[in-house]
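K.L.:
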Amino acid sequence: MSQARSVAEVARWEFLRYVKPKQQVLSLILTFGFLMGGTYIARLAGGPSEVDLAVIGGEHLPTLSDGAGRFRMAHSSSQHENRLRQEVEERKLGGLLLLRPGGQGQLYARQDPPWRADLERELHAASVMHRLAESAVSPQELAALNAPFPLDVMEIAPRAGRGERIAAIVALSLVLVGLFTGIGYIFASVTGEKQNRLSEQVVSAIPAQTWIDGKILGLSAVSMVAVLNTVAAGLLYLAVSRGIWGTVIPLPTTVERAELLVAALLLILLGYLFWFAFLTAVAALMEDPHTSTRNQFIFLPILSTVPAFIALTDPTAAWVRALGLLPPTSAAVMPARLLITEVPWWEVGLASVLLVALGLVVRRGAGKIFRLGMLMYGKEPSWGEVRKWLREA
Amino acid sequence: MALPLVGVDSVSKTFGRVRAVEAFSMEVGAGELVALVGPNGAGKTTMLRMIIGMLRPDSGRIAYGLDGSPSESVDSGRIGYLPEERGLYTDVPVRRVLIYFAALRGMGRPEAARQASHWLDRLDLGDRAGEPVGSLSKGNQQKVQFLSAILHRPVLAVLDEPFSGLDPLNQEFFLDLIRELRASGTTVLFSAHQMQLVERLADRVIVIREGESLGQGTLEDWRRRWRTGLRLRLRLRETPDLAPLRSTPGVRDVQETPEGDLEVALEGDGALGHLLQDISRYHILELRTEEVTLHEIYLRAVGGEAGTMEVEA
């Protein structure tokens, strides 16, 4: 059988072993549920959409309207203050606002409310209107006085917009989703096969390099499915939340440039292949992932994404450009840069070539380690032995 | 001269300071059922792993004639291997596991599926084909393990300790299975510790000790080489004097059993005639001949009496 066919057979096996339609649907529903639940909780933390307030002393601020923003004001007199405070305590009222002469006021609420800033804004607006009414300055004149100097800024290297930054954060989060998924399955697959004493049977049928190549491809595909599943849940969330709450997330301009997305995806995929080759070799050196100290290596791919998050603040800094070129950080930093700033194409090409080159070296070394590590039962090889394998095999 | 399926020529293998196999030579011809026997650590598994191409010899050469033409490289599609360290994907359905291993050996998926159905029915596991391997009993898992090694219809099946961990009933079952495999055209090379099974199964026996070959041949060859072809069990009315019996030409040993019988070990041509002459003066109640078992030959061969053997070159 040709090597390519064997690799495809192993990749197919790994993919079908871990990607099951029922689990994918369940995963999509759970991710969607978490997003919706998170948004709902965040909205709850922001307080109710409408707040009932009792106002005593409203005559001191007559410009405060009864329906200011999200607040519904009910005017009352000071003789009802105790009863109204009781109602606040019993949650019948959102708060009791006491307005005093001279532009001062007090708010009685159960706790410092999440809508306090909104109320302060409404009170400030009403206070300004009240003072304007008392002075000879018209609102138009005041607006002209407060208007900033009309300075047009012509950006030579414009900073990324909110949409671009959100897109980059989402992309990096998806990279992490894929990495976590891949790491989990690699360790389950490789150490499971070692513990189940399957290695000898497989290695007798196909070369170890073919086996590890198939594993890397299959588990990369599993990771991509996890990423796509998360993307699908995210799109569903956007559609539903827009319908329910009117949430609109600005889209980055980069989505209109397919070549940027393709380049970013390619680099992310190359990064997966690189890290999965590395981690498959590490897993082959473990007897039990729960007790082996070598499980610390799983943090390396996660750490490699940290510079990418920092890069969002200054994507053109020299150190960011360097980490965007050099593997393995380039797999995360360069896609982030592509989504938030203009990157010369030669940088993208160089980053890809370097990532592929180092990936091939790691793949070859991983194959050597994998071949002997998978056949070593009962103990973990020392680092000295691993170095020897790399030299001799 | 017919090309052997496998020709091992003076192969050696060392792990660190441990000499696993030393100048070992053997051949396996088409259609044979060959046993490789030896004590633990003798180098059997290392030798089998080198034959299937999993390990490379430090020196010597292994040649193959699996497709009728000589080759220095092993074609894994024509070899089936049952390792001593066994394991299966316990969370995967039986049929899928079998098809996967057959596909890795180069068999097309549709044909692998057909073979899987055939063999699973043959082993009364047809109705369990869709269940995870882990749900099967240990005996049935061993059947699936065996199938995973031979489903692709190899030219040569290399079985490392195929009877290990089996109860007597399953040992008989696997004995028949291996015979059936050979009858279907597959040559079988296996290692084992169960000499009574090897004796019943193997055409030829190769003994290995401390990595070196102590010889190879049929059971008859071994008996001839050890000149221990016959053992006699006698029941006499009288109690005989053992000393003259022991000095009879060709009599190697005479022992009295707890039941009062005599067990006489003979070696060399004409020994039986001399003995019968000597005991003709006694009243013989019962006389039985027993052949020396492979188990006994094995114990003597690996137990330090190798120097007395005439090892076939």
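Protein chains in written order, with numbering that gives the first Met the number 0: chain A, 0 to 392; chain B, 0 to 312.
Each residue gets a CB set at the ideal place from its N, CA and C atoms; glycine is no exception.
Model, not experiment: these values are computed from the prediction.
Helix, strand or coil, according to DSSP, for E311 of chain B in the structure here?
P.N.:
By 1-based counting over the second sequence, the position of residue 311 of chain B is 312. The pLDDT assigned to E311 of chain B is 39, lower than 50, so where the model puts this residue is not dependable; a value taken from the coordinates is nonetheless given after this. E311 of chain B falls in the coil class under three-state DSSP.
K.L.:
Since M49 of chain B and P56 of chain B are thought to touch, with beta carbons under 8 Å apart, how far apart are those beta carbons, to the nearest angstrom?
P.N.:
What you label residue 49 of chain B is simply residue 50 of the second sequence in a count that begins at 1. What you label residue 56 of chain B is simply residue 57 of the second sequence in a count that begins at 1. Contact flag correct, Cβ pair sits at about 5 Å.
K.L.:
By alpha-carbon positions, which one of B:R178, B:T185 and B:P92 ends up nearest to V143 of chain B?
P.N.:
Residue mapping note: residue 143 of chain B aligns to position 144 of the second sequence, counting from 1. Among B:R178, B:T185 and B:P92, the Cα nearest to that of V143 of chain B is on B:P92.
K.L.:
So, are the CB atoms of A125 of chain A and T30 of chain A less than 8 Å apart?
P.N.:
Counting from one through the first sequence, the residue named residue 125 of chain A turns up at place 126. Counting from one through the first sequence, the residue named residue 30 of chain A turns up at place 31. No.
K.L.:
On the premise that L266 of chain A lies in contact with P334 of chain A, defined as a C-beta separation below 8 Å, what is that separation, rounded to the nearest angstrom?
P.N.:
On the first sequence, position 335 is the one that residue 334 of chain A refers to. On the first sequence, position 267 is the one that residue 266 of chain A refers to. Right, the Cβ-Cβ distance comes to about 5 Å (below 8 Å), so this counts as a contact.
K.L.:
Does the Cβ-Cβ distance between W221 of chain B and V197 of chain B come in under 8 Å?
P.N.:
Working through the second sequence from its first residue, we reach residue 221 of chain B at position 222. Working through the second sequence from its first residue, we reach residue 197 of chain B at position 198. Contact: no.
K.L.:
Taking only three categories from DSSP, how would you classify S212 of chain B?
P.N.:
Against the second sequence, residue 212 of chain B aligns to sequence position 213. Here S212 of chain B sits in strand by DSSP.
K.L.:
Within 8 Å (strictly less), CB to CB, does S68 of chain B reach chain A?
P.N.:
Counting from 1 along the second sequence, the entry for residue 68 of chain B is found at position 69. False, the Cβ-Cβ gap to chain A never drops below 8 Å.
K.L.:
For the structure I just gave you, are there three or more beta carbon pairs, one from the region 255 to 264 of chain A and one from the region 306 to 321 of chain A, closer than 8 Å?
P.N.:
Cβ pair count under 8 Å is below three, so no.
K.L.:
Would you mind telling me which residues of chain B sit closer than 8 Å to L197 of chain A, beta carbon to beta carbon, in chain order?
P.N.:
The count along the first sequence starts at 1 and reaches residue 197 of chain A at position 198. Residues of chain B passing the Cβ test: G86, L87 and Y88.
K.L.:
Counting only beta-carbon atoms, is V154 of chain B nearer than 8 Å to chain A?
P.N.:
Position 155 of the second sequence, counted from the first residue, corresponds to residue 154 of chain B. Output row for V154 of chain B: interface = no.
K.L.:
Could you check which residue in A:A41, A:R82 and A:E119 has the C-alpha nearest to that of F70 of chain A?
P.N.:
Counted from its first residue, the first sequence places residue 70 of chain A at position 71. The residue with the shortest Cα to Cα distance from F70 of chain A is A:E119.
K.L.:
Buried or exposed, going by whether 16 or more other CB atoms sit within 10 Å of the CB of V261 of chain A?
P.N.:
Position 262 of the first sequence, counted from the start, is the residue given in the question as residue 261 of chain A. Under this definition V261 of chain A is an exposed residue.
K.L.:
Can you check DSSP and say which residues form a bridge with F189 of chain B?
P.N.:
Mapped onto the second sequence, residue 189 of chain B falls at position 190. Paired residues: B:A34 and B:L158.
K.L.:
In the DSSP assignment, what residue or residues form a beta bridge with K214 of chain A?
P.N.:
Translated into positions along the first sequence, residue 214 of chain A becomes position 215. None, per the DSSP bridge assignment.
K.L.:
Whose CA, out of A:S351, A:L374 and A:V385, lies closest to the CA of M53 of chain B?
P.N.:
The sequence position of residue 53 of chain B within the second sequence is 54, counting from 1. When each option's Cα is compared against that of M53 of chain B, the closest is A:L374.
K.L.:
By Cβ distance below 7 Å, which residues in the same chain neighbour V73 of chain B in space, the five residues on each side in sequence not counted?
P.N.:
The residue you call residue 73 of chain B lines up with position 74 of the second sequence. The residues are I51, G52 and Y63.
K.L.:
Apart from the five residues just before and just after Q193 of chain B, which ones in its own chain have a Cβ nearer than 8 Å to its Cβ?
P.N.:
Here the question's residue 193 of chain B lines up with position 194 in the second sequence. Contacts found: F162 and Q170.
K.L.:
Do you know offhand how far V50 of chain A's Cα is from A116 of chain A's?
P.N.:
By one-based count along the first sequence, residue 50 of chain A stands at place 51. By one-based count along the first sequence, residue 116 of chain A stands at place 117. If I take the Cα positions, the gap works out to 13 Å.
K.L.:
Could you confirm whether any beta carbon from chain B is found closer than 8 Å to the beta carbon of V201 of chain A?
P.N.:
For the purposes of this step, residue 201 of chain A is taken as residue 202 along the first sequence, with counting starting at 1. Yes, because at least one Cβ of chain B sits closer than 8 Å to the Cβ of V201 of chain A.
K.L.:
If we count the other Cβ atoms within 10 Å of its Cβ and call it buried at 16 or more, is F394 of chain A buried or exposed?
P.N.:
The question about residue 394 of chain A has no answer here: the residues shown for chain A are numbered 0 through 392.
K.L.:
Let me know the secondary structure DSSP gives H74 of chain A once reduced to three states.
P.N.:
For this step, residue 74 of chain A is matched to residue 75 along the first sequence. Strand, per DSSP.
K.L.:
Please confirm whether P82 of chain B has its beta-carbon closer than 8 Å to some beta-carbon of chain A.
P.N.:
Counting from one through the second sequence, the residue named residue 82 of chain B turns up at place 83. At least one chain A Cβ lies under 8 Å of P82 of chain B.
K.L.:
Within 10 angstroms of its Cβ, does V54 of chain A collect 16 or more other Cβ (buried), or is it exposed?
P.N.:
Position 55 of the first sequence, counted from the start, is the residue given in the question as residue 54 of chain A. Answer is buried; the Cβ neighbour count reaches 16.
K.L.:
Taking the Cβ atom as the reference point for each residue, do V27 of chain B and L188 of chain B lie within a distance shorter than 8 Å?
P.N.:
For the purposes of this step, residue 27 of chain B is taken as residue 28 along the second sequence, with counting starting at 1. For the purposes of this step, residue 188 of chain B is taken as residue 189 along the second sequence, with counting starting at 1. Result yes, Cβ atoms of V27 of chain B and L188 of chain B sit closer than 8 Å.
K.L.:
Could you tell me how far apart the beta carbons of L4 of chain B and V154 of chain B are, in whole angstroms, since I believe they sit closer than 8 Å?
P.N.:
The sequence position of residue 4 of chain B within the second sequence is 5, counting from 1. The sequence position of residue 154 of chain B within the second sequence is 155, counting from 1. Contact flag correct, Cβ pair sits at about 7 Å.
K.L.:
Using only the alpha-carbon positions, how far apart do Q23 of chain A and S136 of chain B sit?
P.N.:
Here residue 23 of chain A refers to the residue found at position 24 when the first sequence is read from its first residue. Here residue 136 of chain B refers to the residue found at position 137 when the second sequence is read from its first residue. Cα to Cα, the separation comes out at about 31 Å.
K.L.:
Of all Cβ atoms in chain A, is any one closer than 8 Å to the Cβ of Y99 of chain B?
P.N.:
Your numbering for residue 99 of chain B matches position 100 in the second sequence. So, interface residue.
K.L.:
What are the start and end residues of the alpha helix (DSSP H) that includes Q144 of chain B?
P.N.:
Counted from its first residue, the second sequence places residue 144 of chain B at position 145. Taken as a continuous stretch (DSSP letters only), the alpha helix (DSSP H) holding Q144 of chain B covers K137 to I149.
K.L.:
Kindly indicate which residue of B:F173, B:T13, B:L229 and B:L235 has the alpha-carbon position closest to the one of L200 of chain B.
P.N.:
By 1-based counting over the second sequence, the position of residue 200 of chain B is 201. Checking every option, the nearest Cα to that of L200 of chain B belongs to B:F173.
K.L.:
Using C-beta distances below 7 Å, list every residue in its chain close to I339 of chain A, excluding the 5 sequence neighbours before and after it, in chain order.
P.N.:
The sequence position of residue 339 of chain A within the first sequence is 340, counting from 1. Excluding residues within five positions, the ones whose Cβ falls inside 7 Å are A159, E163, R164, A167, L311 and P314.
K.L.:
Any beta carbon of chain A sitting closer than 8 Å to that of L35 of chain B?
P.N.:
As a first step, residue 35 of chain B must be located in the second sequence, where it is residue number 36. No, L35 of chain B does not count as interfacial toward chain A.
K.L.:
With burial defined as no fewer than 16 other Cβ atoms inside 10 Å of the residue's Cβ, what is the status of P350 of chain B: buried or exposed?
P.N.:
Chain B is shown from 0 up to 312; residue 350 of chain B falls before or after that span and cannot be answered.
K.L.:
Give a yes or no on whether 8 Å exceeds the smallest Cβ distance from V91 of chain B to chain A.
P.N.:
Within the second sequence, numbered from 1, the residue matching residue 91 of chain B stands at position 92. Output row for V91 of chain B: interface = yes.
K.L.:
Kindly list the residues whose CB is nearer than 6 Å to the CB of L241 of chain B, restricted to its own chain and excluding five residues on each side of it in sequence; keep chain order.
P.N.:
Sequence index remark: in the second sequence, residue 241 of chain B carries index 242 (1-based). So the qualifying residues of the chain are V253.
K.L.:
Anything in the region 201 to 217 of chain A with a Cβ closer than 8 Å to a Cβ of chain B? List those residues in chain order, please.
P.N.:
For the region 201 to 217 of chain A, which is checked against every Cβ of chain B, the residues closer than 8 Å are V201, V202, S203, A204 and I205.
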